[in-house]
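Asks: One structure, as structure tokens, below. Some questions next.
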Amino acid sequence: MTTRNDRYVVVHPLDDVLETKVDTEALGPMPMTRSVRYSLLSLRAYLILMVLLVVYHVVMLAR
Amino acid sequence: MTNKTLIMPTAVSTAGSAAGVETEAAPVHGRVVKSKITRDLLTFLMVFGPGLIVMVADNDAGAVSTYSQAGAQYGTHLLWVVLLLLPVCYFIQEMVVRLGIATGKGHAAMIYQRFGKWWGLFSLVDLQLVNFLTLVTEFAAINLALSKMGVDPRYGVPLAAAGLIMLVLSGSYRRWERIVVFLCMLDFAWFAIAFRLGPPLGQIVKHALLPSMPAGGITPDLMFLVIAIVGTTIAPWQLFFQQSCIADKRLRFADLRWARLDTFLGACVTITAAVCMMIAGAASHAHGFRFTDPAQMAADIGTFAGTAMRDLILLMMINAAVLGTTAISLSSAWAYGEVRGWPHSLQLPWREARGFYALYLMSVAAAAGIVLIPRAPLQLIILGVQVLAGVILPSAIVFLQLLLNDKELLGEYANKPWNNWVNWTIIAVLFILSLILAAQVTAPNLFPST
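Protein chains in written order, with numbering that gives the first Met the number 0: chain L, 0 to 62; chain X, 0 to 449.
Written as structure tokens, this is what we have:
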């Protein structure tokens, strides 16, 4: 939005110039503390366990 | 407001678009207005869309079924649970808004880039699987509603699938958004349904604002219905959908407050519509009908409220499934395109984003096809949706929370301490609920039913 002599120009986002955003690719992986890393490892174990439970249950249902 | 369009001459892009759309040296089209109020209103209308769509599409076929079942079993006693979910919906999706605007990229791309390949791949595969299974349930609902209306699903379901495919193939984000916002507005018909069928307003307000237990107290059945309500109100695909939608619409930093308002209004609409669905279920129960599915509930309501009311509920059920299908299929296609680095924008014509459109098309066509197979294992599919959604949701929100605390990524848009307190509380509750739900579905004998 810009002002021109007490008038406002409203621009649709798709008609506007592209904004410069954070260059996420240049940032690389997120730096993590040890506690965050261990928490994510626990989460990974939980998810693997849950997926195995689901697979087991589906196999049982299909039999 | 003067009805003028101003074309500003200098518009040279400095950044490439994540979605693969180039706008370098394109003229900037703007509307000239005279007052601040008109400026704000017009800006809001231009930004408006992703928040409303993600919220209303969340009231999909599964949600219609869950809310109406809650009403049919417990009357209006669980209205307060739904109302409690309003701030939860808003807080979670507001984080997605900030992330989408700050990075201009989708949620899948963010997880891939910031947490590595394992988590990126896990999130993507899980999302694709749970989304596809959910799509099958959407078409199953369309099938059911069409059958009740006397329309042959062998023609109706492929026609719905073809319409959903045509919706995205125009190569215009704006056209898709306008049509979908119109479909979202049709959700207001739930208000008319609730007004016609509803109990006294005093009872609704009382049960919405004062937590109360239905007769019989806390039972495993009640507990699992509450979990189902939470699960259907906050779904994993919503995180991926809204962030990708914001990136595709190329919302700017200045749009943040309007995007927040869009999300808040969307949350209000979806929660109010959920309340209306519950009221419809309660009305069928009050007339002595037993709930089996929402299509049968519509037929039951038709016996005392007229066939027009029956058909209106069935049409709303189809509308809910159509909205759910387009949003869920797009969240899959956007996520896959982001991770694979394919062009993935609704602004692109088919020939420039073949992979993106092909994934959308295949998801819709395959889900519609499965529903038409006689004796397809729909019950197993619904079960899979429940469990996988329960598994993916808390982990997806954990990643969202970690990303929102990433100062390197978000700077001033990162979470404040109070955001973190609210969000970690929500995450803890969701983890407990998803664990109970997953345990119940995978090992039903753990919890005796009443």
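Even for Gly, the Cβ is constructed at its ideal location relative to N, Cα and C.
So that I know if they touch, is there some Cβ in chain X lying closer than 7 angstroms to that of Thr32/L?
Replies: Thr32/L does not count as touching chain X.
Asks: Write down the C-beta distance between Ser67/X and Gly280/X rounded to the nearest angstrom, noting that I regard them as a contact closer than 8 angstroms.
Replies: Correct: roughly 4 angstroms between the Cβ atoms.
Asks: Looking at chain X, is there any beta carbon in it that lies within less than 7 angstroms of the beta carbon of Leu42/L?
Replies: Yes, its Cβ sits closer than 7 angstroms to a Cβ of chain X.
Asks: Using C-beta distances below 8 angstroms, list every residue in its chain close to Val54/L, excluding the 5 sequence neighbours before and after it, in chain order.
Replies: For Val54/L, where only same-chain residues beyond five positions count, there are no Cβ hits under 8 angstroms.
Asks: Based on Cα-Cα distance, which residue from Pro219/X, Ala144/X and Arg153/X lies nearest to Val321/X?
Replies: Measuring from the Cα of Val321/X, the nearest candidate turns out to be Ala144/X.
Asks: Ignoring anything shorter than 4 residues, give me the alpha helix (DSSP H) runs that lie fully in the region 37-79 of chain X, in order along the chain.
Replies: Whole alpha helix (DSSP H) segments, 4+ residues: 49-57 and 60-73.
Asks: Identify the contact partners of Lys104/X in chain L, using a Cβ-Cβ distance below 8 angstroms as the criterion.
Replies: Result: Lys20 and Thr23.
Asks: Alpha carbon to alpha carbon, what distance is there between Ser283/X and Leu13/L?
Replies: C-alpha separation (whole angstroms): 46 angstroms.
Asks: Is there at least one Cβ from chain X nearer than 7 angstroms to Tyr37/L's Cβ?
Replies: Taking Cβ atoms only, chain X never reaches closer than 7 angstroms to Tyr37/L, which makes this a no.
Asks: Taking CB distances under 7 angstroms as the criterion, tell me whether Gln112/X reaches chain L.
Replies: Taking Cβ atoms only, chain L reaches closer than 7 angstroms to Gln112/X, which makes this a yes.
Asks: Listing by chain order, which chain L residues have their CB less than 9 angstroms from the CB of Met109/X?
Replies: Those within 9 angstroms of Met109/X in chain L are Thr23.
Asks: Give a yes or no on whether the C-beta atoms belonging to Gln241/X and Gln346/X are separated by under 7 angstroms.
Replies: Not in contact: Gln241/X and Gln346/X (Cβ atoms no closer than 7 angstroms).
Asks: Return the residues of the region 401-414 of chain X that lie within a Cβ-Cβ distance of less than 9 angstroms from chain L, sorted by chain order.
Replies: Residues Leu401, Leu402, Asp405, Glu407, Leu408, Leu409 and Gly410.
Asks: Expressed to the nearest angstrom, what Euclidean distance is found between the alpha-carbon atoms of Gly201/X and Ala191/X?
Replies: Distance between the alpha carbons of Gly201/X and Ala191/X is about 17 angstroms.
Asks: So, with DSSP's three-state summary, where would you put Arg451/X?
Replies: Only positions 0 to 449 of chain X appear in the structure, and residue 451/X is not among them; the question remains open.
Asks: Could you check what DSSP says for Arg88/L in three-state terms: helix, strand or coil?
Replies: Because chain L spans 0 through 62 in this model, residue 88/L falls outside it and cannot be assessed.
Asks: Using 6 angstroms as the cut-off, classify the Cβ of Thr232/X as near or not near the heavy atoms of the ligand FMN, replying yes or no.
Replies: Among the ligands in the structure shown, none appear at all, so the ligand FMN cannot be discussed.
Asks: What residues from chain X crowd round Val50/L, counting only those whose CB sits closer than 8 angstroms?
Replies: Val390, listed in chain order.
Asks: Is there a C-beta anywhere in chain L that falls below 7 angstroms from the one on His343/X?
Replies: No, His343/X does not count as interfacial toward chain L.
Asks: Could you check whether Thr102/X and Thr23/L sit closer than 7 angstroms to each other, using their CB atoms as the reference points?
Replies: A contact, by the Cβ cut-off of 7 angstroms.
Asks: Since Leu134/X and Ala366/X are thought to touch, with beta carbons under 8 angstroms apart, how far apart are those beta carbons, to the nearest angstrom?
Replies: About 4 angstroms; that satisfies the 8 angstroms criterion.
Asks: Using alpha carbons as the reference points, say which of Ile178/X, Gly61/X, Phe43/X and Ala193/X lies closest to Asp292/X.
Replies: Among Ile178/X, Gly61/X, Phe43/X and Ala193/X, the Cα nearest to that of Asp292/X is on Gly61/X.
Asks: Taking C-beta pairs closer than 9 angstroms, name the residues in chain X that Val58/L reaches, listed in chain order.
Replies: The premise fails here: Val58/L is roughly 11 angstroms from chain X at the closest Cβ pair, so nothing lies under 9 angstroms.
Asks: Scan the region 172-233 of chain X and note each continuous alpha helix (DSSP H) run of 4 residues or more that stays entirely inside, going in chain order.
Replies: The region 172-233 of chain X contains these whole alpha helix (DSSP H) runs: 172-184, 188-196, 200-208 and 219-232.
Asks: Would you report the Cα separation of Pro198/X and Met54/X, rounded to the nearest angstrom?
Replies: Taking the straight line from one Cα to the other gives about 26 angstroms.
Asks: What is the DSSP secondary structure of His56/L, counted as helix, strand or coil?
Replies: Looking at His56/L - three-state DSSP - the assignment turns out to be helix.
Asks: Within the chosen definition, does the region 426-435 of chain X reach the region 221-230 of chain X through at least 3 CB pairs nearer than 8 angstroms?
Replies: With the cut-off at 8 angstroms, the region 426-435 of chain X and the region 221-230 of chain X touch.
Asks: Starting from Ala352/X, follow the alpha helix (DSSP H) in both directions and report where the run begins and ends.
Replies: Element bounds for Ala352/X: n/a, residue is neither H nor E.
Asks: Report the rounded CA-to-CA distance for Arg173/X versus Leu250/X, giving the unit in angstroms.
Replies: When rounded, the distance between both Cα atoms is 13 angstroms.
Asks: Identify, in the order they occur along the chain, each residue of the same chain with its Cβ nearer than 8 angstroms to the Cβ of Val363/X, setting aside the five sequence neighbours on each side.
Replies: For Val363/X, where only same-chain residues beyond five positions count, the Cβ hits under 8 angstroms are Leu134, Ala160, Leu163, Ile164, Thr324 and Ser328.
Asks: Inspect the beta-carbon positions of Leu399/X and Met212/X and report whether they are closer than 7 angstroms.
Replies: Result no, Cβ atoms of Leu399/X and Met212/X do not sit closer than 7 angstroms.
Asks: Can you find at least 3 beta carbon pairs, one from the region 418-429 of chain X and one from the region 35-53 of chain L, that sit closer than 8 angstroms?
Replies: No, the region 418-429 of chain X does not touch the region 35-53 of chain L.
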